[in-house]
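A short write-up of the structure that comes next.
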Amino acid sequence: MEKINPHQPLHNIGGTVKIQGEVDFVCLEKAINYFIKKNDGIRHRFVESDEKVHQYVEEYHKYQVRYTIFNSQNDLDAWVQQEAAKPFDINEQDLFDFALFKLQDTKEGGYFVKVHHIISDGWSMNLLTEQICNAYTQILKGEKITDQLNSTYMYCLEKEESYLTSKRFMKDKNFWNEKFSKLPIVKRKNEVDCAKANRKTYSLTSNQSDEIKQFATGINVSVYAFFVALYYIYLNKVNGQDDLIIGMPVLNRAGKNEKNIVGMLTSTMPFRHTVDSKMTVLDFIKSINRELVRCYYHQKYPYDVLVKDLELKKKGYGDLFDTCINYYNTKLPTEINGTPIENEEFYNRNQIYSIQLIIREWSRLGGFNLDIDYKDHMYTEKQIEQMYLGISHLLNQMLESPNKKLMELEILPEDMWDKLVYEFNATNREYPKDKTIHQLFEEQVERTPDRVAICLEDKELTYRELNDRSNQLARYILKKNVTKGTVIGISTTHSLETIIGILGILKAGAVYLPIDPQYPSERVNYMLQDSDINILFTNFDISHQWDLSLYAVEVIHINAAHIYMGDTSNIKNRSEPTDLAYIIYTSGSTGNPKGTMIEQKGLVNYISWANQVYVGASENEVFPLYSSLAFDLTVTTIFTP
């Protein structure tokens, strides 16, 4: 990973411990050195020779801890971010860094620590804090330092070597290879060359946090299982997929000895589970909990070995997942020698995966904080805020109505739906009132014909190419005697043709109706009957999903080559601003799904607003299409240039 991402702080972890009182910096430096001396894992180094990487433990030498005075907390925070962004030289160098700091004109001070993730994990950082606090207190009192160090990191490495040739290893190997014998349809490709990221932090109320703990205890599941279930439900709601895989860092410290050793023992577990929308919230959480327990038993199997087993690279996969969930319930020290301390983790603003959800129970009050870490070239801050609102609303419904079916849960609260409708229909702002959405697209084509409009894995289309193909599809539709305002269904997994299909339907003067491929048959049957469609575009074998024999619906595979032949010029506009653009069916939580009709002018109005808010002066904003076509906010991703 260091060779792929040289000179990047991708794997820097650490933070500050601030003592809220007078600090003896001589004693604190001694405590830090005691920690370095006692833990061989922190002195681990790596050297490359003959194209092979070797590791060794550097002999202990007294570490000179630098000391800096800052004028204010803001100055300290800025300095910490600068230090966090400095990468380590991994070749034969220390992979840790300590510094002492003091705030000007106050008694407060403490230490900063930065460690490379290759030699330390989150559990180790907790050990570091505890041991330095303990050593500092005992040095201050003139006492002999006591600790619980029974084993060294080399013990863990020897144990790992033994595991790799054991029967347990083969048992774990069989478990994971069987679990992923059938790979997911969606191929994940992590963009490690573009790792810049950001973080938004949200705090749950004390009441919410207590409710979650009581709820989990009451049904005999872990708090973590509750949050994993919540995240699964959210992802299913926005992207329409029911077979989901997320990454999970797991402790991988089974014995007492391992729990007292500083080193990188944490491993990543790919957690795979299916979302059955007919299950109740209660049953789904319990199923998640059971599967977690089952997978934990096999957590020791190295993820990089599994990747090789599955030949992911050869099959076109970059990874099994592009999102992670992590749960910290570590109880960090809250005082040192009777003086309160404040622990603050830094975020290095770089990450491998597109988005991560981190649940923390570090608050002194015992409440939960949610960190959403996201690649800032893939998500905007406003999109993350929408994500949190969706997660929060689902969380409340899960607590209030555990016997509801998953399909009955709403991802947006009623007031947000009302706001969304208002944004579509508000007339008090400037927007092109005489244009349709596909006319605006054609104007964008004129401005930037050769700019990439959409991409998927290694495929991409420029604006000109996208326009040409959507024109060909529109002509194909018109040959079927489709009249203005005809409703045409589209049910596709995400593909280039998905966008071509929507634009082609609109250019033909028709109305598109998105149908999520994961919808249950009853819901699809109702939508087909209610909308009276007679054409349905798809890119998968629909017969395996739904029985459409009762309906006079022509199913057309949108990838068929014969569609994309002939004239590519723009078709004369067949729609007016007052005509319908699409129909979307909201959840049937109170009966049958309800079809909401969106006019061209409403869509143009909303997209004009979204363009100002999300894009502004830049025309280089990238919007990932992860959510289902049947999720109304997806139009922001599709139509914002």
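Count the sequence shown with this note's numbering and you get residues 1 to 641, in order. Idealized CB from N, CA, C, for every residue including glycine.
Checklist entry - Does the separation of the CB atoms of L461 and A474 fall below 7 Å? => result no
Item to check | Straight-line Cα distance separating A225 from N231 | outcome: Rather than Asn, the amino acid found at residue 231 in this sequence is Tyr. So the alpha carbons of these two residues sit roughly 10 Å apart.
Next on the checklist: Beta-carbon within less than 7 Å of I118's beta-carbon, same chain only, minus the 5 sequence neighbours each way: which residues are those?
Outcome noted: H11, L95, M264
Next on the checklist: Can you tell me whether D242 is helix, strand or coil according to DSSP?
Outcome noted: In the three-state reduction of the DSSP assignment, D242 falls in the coil class, being assigned neither a helical nor a strand state.
Item to check | Close-in-space but distant-in-sequence residues of the same chain around A581 (CB under 7 Å, 5 per side omitted) | outcome: I437, L506, V511, I598, E599, Q600, L603
Item to check | Y353 and T323 closer than 7 Å at C-beta | outcome: yes
Checklist entry - Contact check, P520 vs S277 under 8 Å by CB: the rounded distance? => result Right, the Cβ-Cβ distance comes to about 6 Å (below 8 Å), so this counts as a contact.
Item to check | Residue burial classification, I69 (beta-carbon count within 10 angstroms, cutoff 16) | outcome: exposed
Checklist entry - So, is L320 buried or exposed, given that buried needs 16 or more other C-beta atoms within 10 angstroms? => result buried
Next on the checklist: Using only the alpha-carbon positions, how far apart do I19 and L28 sit?
Outcome noted: Those two C-alpha atoms are separated by around 11 Å.
Checklist entry - Quick one: Cα of K648 to Cα of I355, how far? => result Residue 648 falls outside the range modelled here, since the chain spans only 1 to 641, and no answer is possible.
Checklist entry - Would the beta-carbon of L409 fall within 7 Å of that of L394? => result yes
Checklist entry - If you count every other CB in all the chains shown that lies within 10 Å of the CB of G390, and 16 or more means buried, which is it? => result buried
Item to check | Residue nearest to T498 in terms of C-alpha spacing, selected from Q104, K433, F540, V223 | outcome: The option with the nearest alpha carbon to T498 is F540.
Checklist entry - Beta-carbon separation of L332 and T129 under 7 Å? => result yes
Checklist entry - Excluding sequence positions up to five away, which residues of its chain have a Cβ less than 8 Å from the Cβ of Q472? => result G504, I563, Y564, M565, G566, D567, T568
Checklist entry - Within this structure, are the beta carbons of S491 and T538 separated by less than 7 Å? => result yes
Next on the checklist: DSSP three-state label for N428, please.
Outcome noted: For N428, the predicted structure reports a pLDDT of 49, less than 50, and the residue's modelled location is therefore unreliable. A value from the coordinates is still provided. Of the three classes helix, strand and coil, the one that applies to N428 here is coil, per DSSP.
Item to check | Chain-order list of residues whose beta-carbon lies under 6 Å from that of G21 (same chain, five-residue window excluded) | outcome: Closer than 6 Å at Cβ, skipping near neighbours: K107, T339.
Checklist entry - Thinking just about the alpha-carbon of each residue, which of H61, T274, N126, T201 is nearest to the one in L251? => result N126
Checklist entry - Ordered along the chain, which non-local residues of its own chain (more than five positions away) have a Cβ less than 6 Å from that of A216? => result V223, F226
Checklist entry - Mind checking whether V275 and D304 have CB atoms under 7 Å apart? => result no
Next on the checklist: Given a cut-off of 7 Å on the beta-carbon distance, is the pair I411 and K200 in contact?
Outcome noted: no
Checklist entry - What are the uninterrupted segments assigned as beta strand (DSSP E) that are 3 or more residues long and contained completely in the segment 211-273, given in chain order? => result Secondary structure within the segment 211-273: the beta strand (DSSP E) runs of 3 or more consecutive residues, fully enclosed, are 243-250 (chain order).
Checklist entry - Do A135 and Y63 have their CB atoms nearer than 7 Å? => result no
Next on the checklist: Once DSSP output is grouped into helix, strand and coil, what is the label at N592?
Outcome noted: coil
Next on the checklist: Tell me the DSSP secondary structure of Q356 in three-state form.
Outcome noted: strand
Next on the checklist: Only counting the same chain, and skipping five residues up and downstream in sequence, which positions put a Cβ closer than 6 Å to that of I642?
Outcome noted: Look at the range of the chain in this structure, 1 to 641, and you will see that residue 642 is not part of it.
Checklist entry - For G110, does the count of other Cβ atoms within 10 angstroms reach 16, so buried, or fall short, so exposed? => result buried
Next on the checklist: Measuring straight from C-alpha to C-alpha, what distance separates P184 and G316?
Outcome noted: 12 Å
Item to check | Residue from N220, M527, Y606, I488 whose Cα sits closest to the Cα of E554 | outcome: The candidate whose alpha carbon is nearest that of E554 is I488.
Next on the checklist: Does H298 come out as helix, strand or coil in the three-state DSSP assignment?
Outcome noted: coil
Next on the checklist: Looking at the strands, I want to know which residues DSSP matches up with E658.
Outcome noted: No answer is possible for residue 658: the residues shown for the chain start at 1 and end at 641.
Checklist entry - In whole angstroms, what is the alpha-carbon distance linking I571 and A508? => result 8 Å
Next on the checklist: Distance check for N337 and G142, CA to CA, integer angstroms please.
Outcome noted: If I take the Cα positions, the gap works out to 12 Å.
Item to check | Cα-Cα separation, Y328 to V228 | outcome: Going by the C-alpha atoms only, they are around 13 Å apart.
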